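Peer 1: Residue numbers (my numbering): 20 to 620.
Where is the CB? At the ideal position from N, CA and C, for every residue including glycine.
No experiment lies behind these values; they were computed from the predicted model shown.
One structure is given below, represented as structure tokens, and several questions about it will come after.
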């Protein structure tokens, strides 16, 4: 039986496209191939992955080079100056749901995301679809089943594109330096997929690819030898256009070390970032080179799909509190019990994702990376940041930063996100000479003291053994926000007799015992002729709130402000002349927001 419905050949002359690949890249290339898969539920029955539970005994290729501390005067001269060495005291709920995912290779590279009704996880080198209670809806299947004739090479990324209600799955292919992207043709993750093959740079391996969702494209950063950002033509991919292409743009003014992968802003929350440049983030450690300072570098990128080019400029540098992101030159960094084998700290890069959210008057991005907390013992902790961008000026600043290290154990492979109330969730791996590699999480309320994780650390998966003979662990983990705007989902690696992954969800909102409506307010919208009537109750703020109307691309159509009385208000929006269709209404201020969809008749 054929496993594909449609396969199309190359659409461009390779010599014409690749002739442009230079050090200062800025070029457009169409996809190398396109096809529509069979429904995944049928493919999976034909090609189940029988090794998914225990994992494959293979090591996935990478292209990282060791880097050293070249500046003996680098700061800090000692321990991390802002390390949080005390556990928070707020009570935490146990995970809402938790189950073991697929095992994966070495390392498993677990990635996953939640949609309205499903959770999809991918590891090296398989994927699986679950309902949100943890029941597998089909067997695991090799990633290669999504693309005809492809290899099962790995480094997968799963995203739920909430603004299109579609699923995104990717991996690289070593032979040919290919990037493989599959996007569901419907909201059903077990249905058919548009499957694309791209060759961004024919002579360089796209190691460690990381993806994000933006209004004008799917952005990819990678550990390319020549530092680049690749943007895939999201609008065409979502419709299954076989002429979909990508723009490849070199990055200017990048820091120099042996492992480089910037992160592009990943549009989360209910409002897409219409018409704004995509921010791209990386950091520099002053230990890498003399004369520099510890800083976050903020780039901005805009694509011109008509002309097939992009602009990418270094927009700002944000000085941080000094940190040390240099561990060893061998990647043997994190201690385990009962073995001399140490684990890779994944140092030198922000760990996935750079979550971006729109608020009233500002935008936020959450970032984190591993740092050396104790200069003597080499203990690792997680430096995390909340960046804010003033929407009037476009200027970014560090709103808060902290280093999470409440015990002498090492914490690394972190992933951080914010919910629709401004609360923050952070999940990560933990290990020490007395703690086997495990998964834990913590968080903070938006109103808590800045720079502090105020909730008691919770364990999502307890390790029972160490990993021997190889240092590669995790490579990355992933924390995503549920479409409900309040629930965090995380997948990561731990060790229990063998390599395992865990999938779990947790909430910060509601920890005080309030229900969802009390946390974010109850909003109802009804159409009355040429007006939308907005009724709000249980608003968690007595201060002025914005009532904004957006189109589904996130473009602001109208704005007004009201002051709730006893947590309630009524407002009216004039929609005369507005085309029929779906729109978004946001009610919120700097402390909370709730976005509801309305269909104008």
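Pick from 549, 579, 371: whose alpha carbon is nearest that of residue 596?
Peer 2: 549
Peer 1: Measure the CB-CB distance between residue 211 and residue 58 and report whether it falls below 7 Å.
Peer 2: yes
Peer 1: In the DSSP assignment, what are the bridge partners of residue 186?
Peer 2: Answer by DSSP bridge pairing, in chain order: 179.
Peer 1: Classify residue 600 as buried or exposed, calling it buried when 16 or more other Cβ atoms lie within 10 Å of its own Cβ.
Peer 2: By the neighbour-count criterion, in which a residue is buried when 16 or more other Cβ atoms sit within 10 angstroms of its Cβ, residue 600 is exposed.
Peer 1: Could you give the DSSP three-state label for residue 239: helix, strand or coil?
Peer 2: Strand at residue 239.
Peer 1: Counting C-beta neighbours from all protein chains within 10 Å, is the total for residue 526 16 or more, i.e. buried, or is it exposed?
Peer 2: buried
Peer 1: Identify, in the order they occur along the chain, each residue of the same chain with its Cβ nearer than 8 Å to the Cβ of residue 565, setting aside the five sequence neighbours on each side.
Peer 2: 379, 578, 579, 580, 605, 606, 607, 608
Peer 1: Whole beta strand (DSSP E) runs in the region 484-509 with 3 or more residues, listed along the chain?
Peer 2: For the region 484-509, whole beta strand (DSSP E) runs of length 3 or above, ordered along the chain, are 497-500.
Peer 1: Measuring CB to CB, does residue 431 end up less than 7 Å from residue 373?
Peer 2: no
Peer 1: Measure the C-alpha to C-alpha separation of residue 162 and residue 168 and round it to an integer number of angstroms.
Peer 2: Computed Cα separation, rounded: 11 Å.
Peer 1: One question on the structure: do residue 127 and residue 142 come within less than 7 Å of each other, judged by their Cβ atoms?
Peer 2: Their beta carbons are under 7 Å apart, which means residue 127 touches residue 142 by this criterion.
Peer 1: What span of residues does the beta strand (DSSP E) with residue 405 cover, start to end?
Peer 2: 399-409
Peer 1: Between the beta-carbon of residue 329 and the beta-carbon of residue 268, is there less than 7 Å?
Peer 2: yes
Peer 1: Have a look at residue 356 and residue 88 and give me their C-alpha separation to the nearest angstrom.
Peer 2: 28 Å
Peer 1: Which whole-angstrom value is the C-beta distance of residue 442 and residue 462, which I expect to be below 8 Å?
Peer 2: 6 Å
Peer 1: Which word fits residue 310, buried or exposed, when buried means at least 16 other C-beta atoms lie within 10 angstroms of its C-beta?
Peer 2: exposed
Peer 1: Helix, strand or coil: how does DSSP classify residue 359 here?
Peer 2: In the structure shown, residue 359 sits in coil (DSSP, three-state: anything other than H, G, I, E or B).
Peer 1: On the three-state DSSP scale, how would you describe residue 64?
Peer 2: helix
Peer 1: Taking contact to mean at least 3 C-beta pairs separated by less than 8 Å, is the region 299-306 in contact with the region 342-357?
Peer 2: Contact between the region 299-306 and the region 342-357 is present, because at least three Cβ pairs lie under 8 Å.
Peer 1: Expressed to the nearest angstrom, what Euclidean distance is found between the alpha-carbon atoms of residue 598 and residue 376?
Peer 2: 27 Å
Peer 1: Can you give me the Cβ contacts of residue 506 inside the same chain, cut-off strictly under 6 Å, excluding the 5 residues immediately before and after it?
Peer 2: If we look at residue 506 and ignore the five residues flanking it on each side, its Cβ neighbours are 524, 526.
Peer 1: Residue 166 and residue 214 look like a contact to me (Cβ under 8 Å); what is the Cβ gap, rounded to whole Å?
Peer 2: 5 Å
Peer 1: Ordered along the chain, which non-local residues of its own chain (more than five positions away) have a Cβ less than 6 Å from that of residue 183?
Peer 2: 257
Peer 1: Measuring alpha carbon to alpha carbon, tell me which residue in 414, 411, 416, 389 is nearest residue 403.
Peer 2: 389
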